[in-house]
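Chemist: This structure is in structure tokens; I'll ask about it shortly.
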Amino acid sequence: MTYLSPLGYLLGVEGAALLRGFREGSADRAFVEARITEIRTLLDTPALAHAEGVTAEPGTVGTAEVYEDWAPHYDAPGNQMIDVEQPVVRRVLDGLPVGTALDAACGTGRHTAHLHELGHRVIGVDASPDMLARARERLPDVDFCEADLHRLPLPDDAVDTVVCALALTHVPELAPVLREFARVLRPGGHLVISDAHLLSSYLRPTLPRRPGPDGRPSLLDEYHRPLSAYLTAALPLGFQVRGCEEPRRPRGFVATAAPDPLPTHPSWDLHHWCREASAAALEDSPLAVVWHFQLDATRKGSPSNR
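The sequence shown begins at 1 in full-length UniProt numbering and counts up one residue at a time.
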């Protein structure tokens with residue numbers, strides 16, 4: 001069980017703001033005293049002090065259910081993760097040779113569309129029928145199929161490029177999935193991965209999902225990893241690093257207009273209770289990681305890739 005306390009989260013944000021200020025040298029006396037005063041205010045605010053938290057059960061909702069809810073608005077304007085990640089991924093794709101591309105966990109087809117516009121023959125694969133329905137509406141001429149990342153419906157050496165965007169956070173182990181990517185890639189092929197950054201997973205509010213089988217609010221299992229985990233999985237398969245970027249959360253991410261009343265439940269809008277601390281803790285912090293790997297042609301046939 002995980003108890004999601006709105007007041008607990010806000011105190012964590014205040015603490016993160018102080019620790020970051022100490023580390024980066026931006027926490028002058030006025031800033032530190034303002035944080036201490038605000039912490040006292042938050043503790044003394046009845047709406048927060050008496051707010052009921054949410055007890056949620058981890059792992060009782062799956063990605064299929066969550067993506068069913070997300071599909072209608074997943075890549076609509078305002079999804080900050082996509083706003084930050086997408087330009088970096090597209091810049092990498094723009095520099096790759098045109099050929100056959102696999103968009104693995106393609107979702108609604110946002111990167112599929114860009115690959116198609118660049119002239120690639122694109123194959124889109126996703127495990128969510130609801131996301132695929134959106135992708136097919138957008139790109140009726142592209143081949144899409146429902147499949148799991150662990151069992152890609154492609155023969156060996158089938159594609160020149162694999163893109164996997166914001167999906168590996170749902171995979172318990174990286175190595176089996178990257179092994180599949182290596183299998184379907186041709187010698188010298190390119191792999192472009194984006195994922196949520198480990199640091200962002202700690203700083204954001206944890207949101208409860210729809211009730212699980214026991215009727216309690218649920219938490220989606222997510223696997224946030226240090227950068228070394230990607231290298232540990234990729235390098236033994238013959239992947240070579242061609243680039244790595246950590247795009248950051250923009251400034252001004254807290255909306256100017258505060259909701260009325262201010263929320264006392266797990267929500268992104270909680271940041272309005274402590275706008276200065278939220279900005280100090282989260283702004284310009286790594287939000288995503290984007291990897292560009294290339295498969296070493298001389299390692300393609302080695303046993304580690306099979």
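Backbone N, C-alpha and C define an ideal beta-carbon position, used for all residues, glycine too.
Cα separation between ASP260 and TRP268?
Modeler: Roughly 14 angstroms separates the two Cα atoms.
Chemist: Between the Cα of GLY238 and those of ALA175, THR256, ARG110, spot the shortest distance and give me the residue it belongs to.
Modeler: Closest by alpha carbon: ALA175.
Chemist: Could you tell me the alpha carbon to alpha carbon distance between HIS292 and HIS197, rounded to whole angstroms?
Modeler: Distance between the alpha carbons of HIS292 and HIS197 is about 15 angstroms.
Chemist: What separation, rounded to the nearest whole angstrom, lies between the Cα atoms of ASP44 and LEU168?
Modeler: Between ASP44 and LEU168, the C-alpha separation is close to 41 angstroms.
Chemist: Taking the straight line between their C-alpha atoms, what separation do you get for ARG20 and THR161?
Modeler: Spanning the two alpha carbons is a distance of roughly 39 angstroms.
Chemist: LEU4 bridges to which residues according to DSSP?
Modeler: LEU4 pairs with VAL54.
Chemist: For ARG186 and LEU115, I'd like the C-alpha separation in whole angstroms.
Modeler: In a straight line, the C-alpha of ARG186 is about 17 angstroms away from that of LEU115.
Chemist: Is it right to say PHE181 is buried, meaning 16 or more other beta carbons lie within 10 angstroms of its own, or is it exposed?
Modeler: Counting Cβ neighbours within 10 Å, PHE181 comes out buried, since at least 16 surround it.
Chemist: With a cut-off of 8 angstroms on the beta carbons, I'd call GLY109 and ARG138 a contact; round off their distance for me.
Modeler: Confirmed, about 5 angstroms.
Chemist: Leaving out five residues on either side along the sequence, give the residues of the same chain with a beta carbon under 7 angstroms from the beta carbon of PRO172.
Modeler: Cβ within range, chain order: TYR223.
Chemist: Closest to THR2 by CA distance: which of PRO140, ARG251, THR41, VAL54 is it?
Modeler: Considering only alpha carbons, the answer is VAL54.
Chemist: Taking the alpha helix (DSSP H) that VAL92 falls in, what are its first and last residues?
Modeler: 80-94 is the extent of the alpha helix (DSSP H) around VAL92.
Chemist: Could you tell me the alpha carbon to alpha carbon distance between VAL142 and VAL290, rounded to whole angstroms?
Modeler: Roughly 25 angstroms separates the two Cα atoms.
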